[in-house]
Amino acid sequence: TSFSLDADSLGALKKNGVSKAVIAAMLTRASALQGPGSNGSFPRGLPGYANPGDEGVTLRGSGKEVRLQSVQGAMSTTWAYVTTLIFLDFPGLKADTQVNDAKPTLVVQTQKSPRGRIFLVKCESNKNDNNRSVKLGRSGMFSHKEWGSPDSDWTVEFDSKETSENTWEITPKESLKKGEYGLLFKGGIGGMLAPTSGELFDFGVIN
57 TSFSLDADSL
67 GALKKNGVSK
77 AVIAAMLTRA
87 SALQGPGSNG
97 SFPRGLPGYA
107 NPGDEGVTLR
117 GSGKEVRLQS
127 VQGAMSTTWA
137 YVTTLIFLDF
147 PGLKADTQVN
157 DAKPTLVVQT
167 QKSPRGRIFL
177 VKCESNKNDN
187 NRSVKLGRSG
197 MFSHKEWGSP
207 DSDWTVEFDS
217 KETSENTWEI
227 TPKESLKKGE
237 YGLLFKGGIG
247 GMLAPTSGEL
257 FDFGVIN
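This is the structure in structure tokens:
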């Protein structure tokens, strides 16, 4: 159950016909082996969290507070003329958590600043594949953008502030439209997964 999930290995798995579902399960298993803490507890500062070395996200909105569960992304590519579009695909058309609040607050437990490492992203639902996608960089004939970060058109600007030690509040600068969203941790929790993977703490806005 200890998998090699660097970018080259993920590419080799896809080339050899391993399904998206299997790759997603492998990524999920790898994340489970990394955390939560060895005693099964969760980070301090959020409901249900205890260990300061771990990370987690709680959503505050619609008069409630929900600890978000994360889902792992699997890389996919689409050929568009001379450009290869790169996506992270996440299972399911909708997140389990749905809120009416268009400007929810996301409370993040992390020892590092979220700037450049955590992104508030929009997700596109794909009915044919029963998943949600976030677009990453792109690879052209002579150049490519960074694959480990989401495309700027798929991100939402937010304000962040550290409210206490290792605890940050993230709030979108503008009201969110109806749709699927999430906080994307670049490279996964702790940045330990492959650059072309990611861990999404997902939610939906229904109004």
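Under this note's numbering, the first residue of the sequence shown carries the number 57, and numbering increases by one thereafter. We put the beta carbon where it would ideally sit given N, CA and C, even for glycine.
Spatially closest choice to residue i from the options, by CA coordinates
i: G254; options: V122, V74, R173 and L115; result: R173
i: N156; options: F241, F257 and S231; result: S231
i: Q128; options: K76, K120, N182 and K233; result: K76
i: A130; options: V163, L162 and A80; result: A80
i: N263; options: L115, K233 and Q167; result: K233
i: A151; options: C179, Q165 and L66; result: C179
i: S189; options: P170, G67, S169 and L141; result: L141
i: P170; options: K71, A68, L69 and K217; result: K217
i: K168; options: L240, S65, E111 and K71; result: E111
Buried versus exposed, by CB contacts within 10 Å (16 or more), residue i
i: V78; result: exposed
i: W135; result: exposed
i: G73; result: exposed
i: L102; result: Note that L102 scores 42 on pLDDT, short of 50, meaning its location in the model is unreliable; the coordinates nonetheless yield the value given after this. Burial call: buried.
i: E213; result: exposed
i: K183; result: exposed
i: N186; result: exposed
i: T166; result: buried
i: K242; result: buried
Beta carbon of residue i nearer than 8 Å to that of residue j
i: V261; j: G235; result: yes
i: L176; j: T211; result: yes
i: L192; j: D215; result: no
i: F257; j: V163; result: no
i: L149; j: F259; result: no
Assumed close pair residue i, residue j - CB separation to whole angstroms, cut-off 8 Å
i: S132; j: F143; result: 5 Å
Sequence-distant residues of its chain with Cβ nearer than 6 Å to residue i (five each side left out)
i: K159; result: P228 and S231
i: T219; result: E225
i: K71; result: none
Chain-order list of residues whose beta-carbon lies under 8 Å from that of residue i (same chain, five-residue window excluded)
i: S118; result: V155, N156, D157 and P160
i: D209; result: K191
Own chain residues within Cβ distance below 7 Å of residue i, not counting five before or after
i: L69; result: I79
i: S126; result: E255, L256 and F257
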